[in-house]
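Throughout, the numbering used here is defined as the position within the sequence shown, counted from one, plus 404.
Glycine included, C-beta positions come from ideal geometry on N, C-alpha and C.
Taking it in order: structure first as structure tokens, then the write-up.
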Amino acid sequence: MGMPAVSSPAYWTAAMVRELPDDGNRYECIDGELLVTPSPRWRHQDVVGELYVRLREWLGKEPIGKVTFSPADVELESGTLVQPDLFVVPRDGQGVLPREWHDIRALLLVIEVLSPSTARHDRITKRRFFARAGVPEYWIVDVDSRLVERWTPVDERPQIIGEDETLEWNPPGARAPFALAIGPFFEAIVGGLPGT
405 MGMPAVSSPA YWTAAMVREL PDDGNRYECI DGELLVTPSP RWRHQDVVGE LYVRLREWLG
465 KEPIGKVTFS PADVELESGT LVQPDLFVVP RDGQGVLPRE WHDIRALLLV IEVLSPSTAR
525 HDRITKRRFF ARAGVPEYWI VDVDSRLVER WTPVDERPQI IGEDETLEWN PPGARAPFAL
585 AIGPFFEAIV GGLPGT
């Protein structure tokens, strides 16, 4: 006789997610739905790392916030828990950054690097959540197609920035935009590396 099935909760909370074992997966919950992402592959992390370096360098000149990456328990709404690949946390009115994950109340930018296991959640569940939470820009980096989908909270369709274009981000308070030439970025970063 087999073991009885263990039922999972019908509605997940951030507190429940925090109690899950550290097993290499990334756990998030949005509107009671548990999102489970396996450890990312090499190419995914290389893209995340390079975007982090470029944004950090730009934010060094335009000190409007701080870029960081997951794992990070961000709770923009009570009971939710998200771990974006990359995100920019704004400084408050006095130029101060939050000290702890639970102190984060807003994000300036969220970036997800698409992989087969995250595509549905990145494009639907998380996109809708970040729009509802008022995140001004949400980028989905599609490595296989070598493009970036740029979403704002009011968009019904993304702006697609392809290989022959430059993605510019000009958040409030910045004197000069962050610029990313898409074609050269993908060629330099993912050319010849293993799959996502």
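When C-alpha distances from residue 534 are compared across 521, 481, 573 and 429, the shortest belongs to 481.
Residue 592 carries a helical assignment under DSSP once its states are collapsed to helix, strand and coil.
For residue 573 against residue 541, the beta-carbon gap comes to about 6 Å, under 8 Å, which counts as contact. For the pair residue 576 and residue 505, the Cα-to-Cα distance works out to about 23 Å. A straight line joining the alpha-carbon of residue 478 with that of residue 489 spans about 12 Å. For residue 454, the enclosing alpha helix (DSSP H) starts and ends at 446-465.
Between residue 434 and residue 484, the CB-CB gap stays under 7 Å.
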